[in-house]
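Engineer: Be aware that the sequence shown starts at 12, since it is given in our numbering, and climbs by one per residue.
For each residue, glycine too, the CB sits at the ideal point set by N, CA and C.
Values in this document were obtained by computation on a predicted structure and should not be read as measured data.
Please find one structure pasted underneath; my questions will follow.
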Amino acid sequence: MAKGAYEKGLAGEDLALEYLTDRGMVLLHRRYHSPFGEIDLIMRDGDAIALIEVKIRSTGSKGDGLMAITRAKQRRIVMTARYYLAETRTDCLLRFDALEITPQGILYVQGAFDAGAWF
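Take a look at the structure:
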């Protein structure tokens, strides 16, 4: 990833974090890494833990970035979530969310995909 893209990703995650904490969510981990991949933000939302993929797009319409969360990417996120659960011994409701930032604004989708096939 080019340095410009990396910095853009960090800035987008900062904006996403502000958006979510303003709505009462609590940050547990940022850029959580496992041997399988990375989860951008892990946040507590009431009784649930939200695992959030953040997408930043400088062009296009709302929703375009969400299409970039392919089945392969979803699988890596789920495998990383399983690793997280084992490592932290967490036993609570998990939710796989997506947050997209475009020039038109922020689109936050709770339950953006179902992990049932991989759990």
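Spatial neighbours of aspartate 56 within its chain, please: CB distance less than 6 Å, with the 5 preceding and 5 following residues excluded, ordered by chain position.
Structural biologist: For this step, residue 56 is matched to residue 45 along the sequence shown. Counting only Cβ-Cβ distances below 6 Å, and skipping sequence neighbours, we find Met36.
Engineer: Please confirm whether alanine 27 and isoleucine 80 have their CB atoms less than 9 Å apart.
Structural biologist: Mapped onto the sequence shown, residue 27 falls at position 16. Mapped onto the sequence shown, residue 80 falls at position 69. Against a cut-off of 9 Å, the Cβ pair of isoleucine 80 and alanine 27 comes out as no contact.
Engineer: When burial is assigned at 16 or more other CB atoms within 10 Å of the CB, is glutamate 6 buried or exposed?
Structural biologist: This structure leaves residue 6 out entirely; the chain is present only between 12 and 130.
Engineer: Within the same chain, show all residues whose beta-carbon is closer than 8 Å to that of aspartate 58, passing over the 5 residues directly before and after it, in chain order.
Structural biologist: Start at 1 with the first residue of the sequence shown, and residue 58 comes out as number 47. Correct list, in chain order: Cys103 and Leu104.
Engineer: Within 10 Å of its beta-carbon, does glutamine 121 have 16 or more other beta-carbons around it, so buried, or fewer, so exposed?
Structural biologist: Along the sequence shown, one-based indexing puts residue 121 at 110. Exposed, by the Cβ-count rule.
Engineer: From alanine 16 to aspartate 108, what distance separates their C-alpha atoms?
Structural biologist: Residue mapping note: residue 16 aligns to position 5 of the sequence shown, counting from 1. Residue mapping note: residue 108 aligns to position 97 of the sequence shown, counting from 1. Straight-line Cα distance between these residues: approximately 22 Å.
Engineer: Starting from threonine 113, trace the beta strand (DSSP E) in both directions and tell me its first and last residue.
Structural biologist: As a first step, residue 113 is located in the sequence shown; it is residue number 102 there, counting from the start. Residues 104-113.
Engineer: Relative to the C-alpha of glutamate 29, which candidate in Gly127, Tyr119, Asp125 and Ala126 has its C-alpha closest?
Structural biologist: Here the question's residue 29 lines up with position 18 in the sequence shown. For the residues Gly127, Tyr119, Asp125 and Ala126, the minimum Cα distance to glutamate 29 belongs to Tyr119.
Engineer: Whole-angstrom Cβ separation of isoleucine 63 and aspartate 51, contact assumed at under 8 Å?
Structural biologist: Numbered from 1 along the sequence shown, position 52 holds the residue referred to as residue 63. Numbered from 1 along the sequence shown, position 40 holds the residue referred to as residue 51. Indeed, because the Cβ distance is near 6 Å, the residues count as touching under 8 Å.
Engineer: Check this for me: beta carbons of leucine 31 and leucine 38, under 9 Å apart or not?
Structural biologist: In the sequence shown, residue 31 corresponds to position 20, counting from 1. In the sequence shown, residue 38 corresponds to position 27, counting from 1. Yes.
Engineer: Which residue comes first and which comes last in the beta strand (DSSP E) that contains methionine 54?
Structural biologist: Taking the sequence shown and counting its residues from 1, the one referred to as residue 54 is at position 43. From DSSP, the beta strand (DSSP E) with methionine 54 extends over 48-56.
Engineer: To the nearest angstrom, how far is it from the Cα of proline 135 to the Cα of glutamate 98?
Structural biologist: No answer is possible for residue 135: it lies beyond the span of the chain, which begins at 12 and ends at 130.
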